[in-house]
């Protein structure tokens with residue numbers, strides 16, 4: 006099946022059939038005799054490129070091009086004029102109305118095909134570059150600029166978006182002094198559209214959770230209300246998302262989580278590692294869905310690692326996806342590392358079929374420092390601080406790496422719920 010579609014607008018029957026035959030060998034081609042017919046076809050389906058004569062009955066090429074430029078959904082379609090009028094005035098008029106190329110009759114058909122191919126390829130590259138820039142901007146807005154820093158704990162965040170990745174989201178807030186809510190999620194879909202939905206959903210989620218946390222601190226209750234509101238709200242009714250919500254209370258060494266269909270967190274312990282088994286249905290599917298709180302006590306030396314499916318579904322050299330067991334194996338191998346997250350990802354890629362991840366990659370590492378025989382005693386929960394740690398990515402590197410400072414360091418900034426850190 007041809008990759009591109011072309012609309013030919015030409016009143017001369019013989020030339021129209023010739024163009025349809027020649028271009029039809031490489032492209033999906035539709036034809037119209039004049040501008041009026043062309044506009045009707047545009048209402049049915051948008052082509053990747055339009056080739057139009059200028060002098061036509063009912064509606065000429067200039068009028069057609071002006072009508073196309075007036076509509077937002079059609080103004081970016083590449084446009085080529087075919088005409089017997091070789092004067093500079095006509096060409097200048099065509100350029101002013103947004104015409105991309107101007108071919109004078111008679112012309113060589115192979116030359117026309119070559120110019121069509123170049124214009125389509127140039128347009129494709131431009132759109133990919135634009136989509137990548139927009140996607141990168143959305144990705145940055147979906148990620149934090151800082152992490153909680155708590156005495157006796159280590160937090161690490163890593164994100165590497167793909168140009169055509171999905172809608173991974175991560176957020177955290179200090180809901181009350183010494184209590185943190187952390188969300189990791191994935192809005193269904195791929196590419197720029199998923200990132201746009203994720204950006205909209207995160208804004209909605211932030212405001213909704215901020216309001217709900219005034220009356221409850223249960224992640225399960227929060228997700229129950231978010232799910233109902235998501236289905237009741239018409240603009241969001243077709244949005245489906247997996248979401249992991251964790252309430253972290255360092256003073257109690259307690260993590261309470263509710264999982265709405267997201268990748269199950271990995272719990273690393275000295276005596277053995279496993280997945281946090283409980284998971285409920287994703288958000289947006291069932292109005293009456295029920296969610297459950299699960300409590301994890303963070304022992305000295307233990308860590309909870311949450312992530313998105315870009316890692317889980319990475320295809321390894323054996324042709325199989327990495328999966329939960331593979332993640333556990335790689336995490337256990339790097340637990341003692343200074344930077345276990347990046348070391349784990351590097352190890353995964355070394356054993357992958359591809360030298361890069363096929364989707365967005367997001368990892369959040371929460372570790373209680375110390376060991377069973379040498380526990381680290383936390384300060385009062387009010388000493389919890391946020392670190393405004395900047396990324397250490399190089400220019401052109403889309404990765405985001407955040408690490409909480411070592412416990413003995415004092416960070417002079419407090420974190421305001423769902424906002425960037427403000428000076429104290």
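In this note's numbering, the protein residues as written are 6 to 429.
Glycine included, every Cβ here is placed at the ideal spot set by N, Cα and C.
None of the values given here were measured: they were computed from a predicted structure.
| Item | Value |
| --- | --- |
| Checking the sheet assignment: what are the DSSP bridge partners for residue 299? | 262 |
| Can you tell me which residues form a DSSP beta bridge with residue 160? | 371 |
| Would you decide whether residue 281 is buried or exposed? Buried here means 16 or more other CB atoms lie within 10 Å of its CB. | buried |
| Quick one, which of 346, 355 and 67 has its alpha-carbon nearest residue 164's? | 346 |
| Would residue 151 be called buried (16 or more neighbouring beta carbons within 10 Å of its own) or exposed? | buried |
| Do three or more CB pairs link the segment 48-55 to the segment 65-85 at distances below 8 Å? | yes |
| Compare the C-alpha of residue 300 against each of 64, 326, 253 and 319 and name the closest. | 253 |
| Please report the Cβ distance between residue 261 and residue 285, rounded to the nearest whole angstrom; I am assuming they are in contact, meaning their Cβ atoms lie under 8 Å. | Between residue 285 and residue 261 the Cβ distance is about 14 Å, and since that is not below 8 Å, they are no contact. |
| Near residue 229, what residues of its chain come up, given a Cβ to Cβ distance below 6 Å and the 5 sequence neighbours on each side ignored? | 296 |
| For the segment 180-187 against the segment 244-253, do three or more pairs of beta-carbon atoms, one drawn from each stretch, fall closer than 8 Å, so that the two count as touching? | yes |
| Is the segment 13-28 in contact with the segment 102-121, if contact means three or more CB pairs nearer than 8 Å? | yes |
| Tell me the rounded alpha-carbon separation between residue 302 and residue 312. | 20 Å |
| Is residue 324 helix, strand or coil when you go by DSSP? | coil |
| From the DSSP output, which residues share a beta bridge with residue 11? | 34 and 54 |
| State yes or no: is the C-beta of residue 44 within less than 9 Å of the C-beta of residue 69? | yes |
| Taking the C-alpha atoms as reference points, what is the distance between residue 314 and residue 257? | 30 Å |
| State whether the segment 358-366 contacts the segment 285-294, with contact taken as three or more CB pairs (one from each stretch) at a distance under 8 Å. | no |
| Would you mind stating whether residue 353 and residue 326 have Cβ atoms separated by less than 9 Å? | no |
| Using the DSSP secondary-structure output, state which residues sit across from residue 179 in a beta bridge. | 185 |
| Based on DSSP bridge pairs, tell me the residues matched to residue 273. | 308 |
| For residue 259 and residue 188, I'd like the C-alpha separation in whole angstroms. | 16 Å |
| Assuming residue 324 contacts residue 246 (C-beta within less than 8 Å), just tell me the rounded distance between them. | The Cβ separation is near 30 Å, so there is no contact. |
| How is the beta strand (DSSP E) around residue 250 delimited, first residue to last? | 246-254 |
| Taking the alpha carbon of residue 344 as the reference point, which residue from 159, 38 and 76 has its own alpha carbon closest? | 159 |
| Confirm, please, whether the CB-CB distance from residue 172 to residue 373 is below 9 Å. | no |
| For a test of the three-state rule: what should DSSP assign to residue 401, helix, strand or coil? | Because residue 401 carries a pLDDT of 47, less than 50, the predicted location of this residue cannot be relied on, and the following value inherits that uncertainty. DSSP places residue 401 in coil when its eight states are reduced to three. |
| Please work out which residues of its chain come closer than 7 Å, Cβ to Cβ, to residue 16, disregarding the five sequence neighbours upstream and downstream, and give them in chain order. | 38, 39, 58, 61 and 62 |
| With 16 other CB atoms within 10 Å as the buried threshold, where does residue 224 fall? | buried |
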